[in-house]
Amino acid sequence: MSFTQNILITGGAGFIGTHLVKRMVKLYPQYRIVNLDLLTYAGNLSNLTDVENAPNYVFCKGDIRDHVLLEGLFATYAFDGVIHLAAESHVDRSISNPMAFVETNILGTLNLLNVAKAHWDKPTHQRFYHISTDEVYGSLGETGFFTEETAYDPRSPYSASKAGSDMLVRAYHHTFGLPTVVSNCSNNYGPYQFPEKLIPLIINNICNNKTLPVYGDGLYTRDWLWVEDHAAAIDLIYHQGKIGETYNIGGNNERRNIELVHYLCDVMDELLGRSQGTSRQLITFVKDRPGHDRRYAIDASKLKNELNWEPQVNPEDGLKMTAQWYLDNSEWLEAVTSGAYQQYYESHYL
Ligand code: NAD
Ligand code: DAU
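Using the working numbering, read the sequence shown as starting at 327 and increasing by one per residue.
Take a look at the structure:
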């Protein structure tokens, strides 16, 4: 079978990668999608069972830091595009183990850039698309938004490592003419998110009648985006984004953490048939995250004006669908929270 494009997606067994791989495999049978993922604690092949036998899908277990492996993949598939998501993604883990973040997010990205550069000597139609975060911009006060022109001010080892990788991607465009695109997105939520992140952690703890840890005063603000809206934005930017450009992606959906947790408690009480207020009693204010950024908010008007993208799922519906998904997929939740997760949870929260 011949394909019109071969696309390498890294980190395709993670949370966002799962949604992106499924979308690309199903929407574009004319493309061959090669998913390279190391299957760390955050990667889960069972997320992808509905595409695993698709004729246009290939999975490769491997490390973006492995130069020989990448060389082999580029030689075999002559990639037309790379969509790079593989990363260490959890801020709390970056505080306890910054080195893993530098190794994967910075050195791994550099390795990928070097191999792409070597294979795309005189790029014609190729593109290297790097998926990044709004956290590179630092923290906002009560007002204002991050735009693509906001100066970088990363403040956690995670955001510093993502900022470093963004800078390398930009540098490879300016210095070597590598055809790159970058997008910086706000907090995603939805099915398949690992329950170390706030929303699935709260849902999982409510299911298990465990306390709901809210850091500090709970007045930290995040802008939440339905993960499939992010996957749609990535698809659009991959196809239509301008080389050398950066695009912000956001949900226009700011919530204080405590308000979000209250809402999830109420949704879960309803879904579990408990009386309203039951889950709220589990809320516990705990020691704050060191260096905790106060507020993120994205101005996504460039993406709207230039590529006509807007989020499609309203937050109330999205949060209810998310809660329902975790209830319907309790086996998934049990599988990913067995073993090493317990150790992580106990050392972090207890
Ligand atoms: P995730 O932690 O759920 O998934 C990361 C995936 O990368 C996992 O499947 C893991 O196995 C894989 N991986 C890790 N190290 C690897 C390596 N060395 N080689 C190959 N694969 C490796 O992350 P996510 O939440 O899906 O985020 C994906 C990307 O999007 C990341 O780059 C992250 O910085 C970015 N991002 C995430 C969010 C969010 O809210 N989750 C928002 C903006 C940007
Ligand atoms: O903004 C985009 C970023 O969003 C992504 O780049 C990251 O990969 C992703 O993990 C996410 O980072 P956050 O740190 O914002 O997400 P997290 O779910 O860890 O935390 C959301 C907010 O909730 C944050 O203010 C910290 C707080 N929190 C988190 C946890 C895990 C709590 O109050 N209690 C918790 O137990």
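All C-beta atoms, glycine included, are put in the ideal place defined by N, C-alpha and C. Only a predicted model underlies this, so the values are computations on that prediction, with no experimental measurement involved.
- Counting along the chain, F427 sits inside the alpha helix (DSSP H) bounded by residues P424 to F427.
- Within the DSSP secondary-structure output, R358 pairs in a beta bridge with N332.
- With a contact defined as Cβ atoms closer than 8 Å, A623 and F472 qualify at about 7 Å.
- Annotation for I342: the continuous alpha helix (DSSP H) segment containing it runs F341 to L353.
- Residues of the same chain with a CB within less than 8 Å of the CB of V593, apart from the 5 flanking positions on each side, are L645, K646 and A649 in chain order.
- DSSP places F385 inside the beta strand (DSSP E), whose first and last residues are Y383 to K387.
- A straight line joining the alpha-carbon of A368 with that of P526 spans about 13 Å.
- Residue nearest to L538 within the set F502, K613, S458 and L466 is K613 (criterion: CA-CA distance).
- Per the Cβ contact rule, the stretch 354 to 367 is not in contact with the stretch 566 to 574 (fewer than 3 Cβ pairs under 8 Å).
- In summary, F611 is exposed, with fewer than 16 beta-carbon neighbours lying within 10 Å of its beta-carbon over all protein chains present.
- Cβ neighbours of D389 within its own chain (closer than 6 Å, five residues either side excluded): L364.
- With 16 or more other CB atoms across the displayed protein chains lying within 10 angstroms of its CB, N373 is buried.
- Distance check between N531 and each of L659, P517 and R481 places L659 closest, using alpha-carbon atoms only.
- Excluding residues up to 5 positions away in sequence, G337 and L411 lie with their Cβ nearer than 6 Å to the Cβ of G343 in the same chain.
- Distance from the C-beta of A412 to the nearest heavy atom of the ligand NAD is below 7 Å.
- The DSSP-derived three-state label of L653 is helix.
- Per DSSP, P637 is not a residue of any beta strand (DSSP E), being assigned neither H nor E.
- When secondary structure is reduced to three states using DSSP, N437 falls in the helix class.
- In the DSSP assignment, I560 falls within the unbroken alpha helix (DSSP H) covering V553 to Q566.
- Set against 7 Å, the gap from the CB of L545 to the closest heavy atom of the ligand DAU is not smaller.
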